[in-house]
Amino acid sequence: KAVAAINSERNEYILFWPGTGDTNNLNELRYNWEEDAWTQRAGQTMQLAESVVEAGVKYVLTAGTGGRILRQYAATLTTFDTAAFTSIVDLPWEHAGRPDEMKDWTEFFFGYTSDTGGSITVQYAIADHPYQFAAAGFTTAQTVTMDAVDNLGHALIGQRSRWIQIRLTSSTSADHALHFPWYLKAIPTGIRV
């Protein structure tokens, strides 16, 4: 499956795709729209390409078939092999089908597998209307240690609001994967505000 990314600072599209009969993206094509120039390269086998912004600087991160994450355009090709980096997943705002009713948010559960340990921190932000999320801060519910059996992916929340947003944060070099289904448990209070 072909993957692509845009680096607007370099005015460039990057495309990786498999050749005929290939199962991996062995071909690379870059197009600079300011220069109207094409560059074809080979030698990198990329299965994922993403445009990211960190501290106001734009990068293209690519992931190869061996699981290596590379930062393109670095003075030397920067790899993140065995280096911890922070990943954040913000789930959509949730109201449990009742946007005008207060709920007691009790628990968030998610499945995971881990090859070498690591941990995931479950955080939440609460609001009584979606516009409040812009100023809402996240509170830590629980840190789940992925090689322990103490909480098995259960994070207790214990807050009351109409809306909630869940954030999962991991800062680890350990291999891990999150699996569905995920459950967010709430008890409707019957209180409409």
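In short: position in the sequence shown from 1, add 18, done, that's my numbering.
Just so you know, even glycine gets a beta-carbon here, dropped at the ideal spot from N, CA and C.
Hey, out of the options, whose CA is closest to residue i's CA?
i: R89; options: H147, L66 and W111; result: L66
i: H113; options: S179, H172 and Q150; result: S179
i: G136; options: H172, I182 and T187; result: T187
i: G82; options: Q58, K76, L44 and W181; result: L44
i: K19; options: R28, Y31, E27 and G39; result: G39
i: R210; options: D122, H172 and I138; result: D122
i: F156; options: I182, A143 and A60; result: A143
i: Y77; options: E27, A145, Q183 and A154; result: E27
May I have the straight-line CA-CA distance separating residue i from residue j, to the nearest angstrom?
i: S105; j: W35; result: 26 angstroms
i: G176; j: G37; result: 52 angstroms
i: I87; j: T80; result: 6 angstroms
i: L33; j: R48; result: 6 angstroms
i: A159; j: H172; result: 10 angstroms
Would the C-beta of residue i count as close to the ligand ZN, meaning under 7 angstroms from any of its heavy atoms?
i: A22; result: As for the ligand ZN, it is missing from this structure, which has no ligand bound.
Could you name the residues that DSSP lists as bridge partners for residue i?
i: S221; result: The first residue shown for the chain is 19 and the last is 211, placing residue 221 beyond what the model contains.
i: H197; result: G129
i: Q150; result: DSSP lists no partner for Q150.
i: H113; result: H113 is not bridged to any residue.
Which residue marks the beginning of the beta strand (DSSP E) containing residue i, and which one marks its end?
i: E30; result: E30 to W35
i: Q160; result: T157 to T163
i: E52; result: Counting along the chain, E52 falls outside any beta strand (DSSP E), and DSSP gives it neither H nor E.
i: Y77; result: V75 to G82
i: L88; result: I87 to Q90
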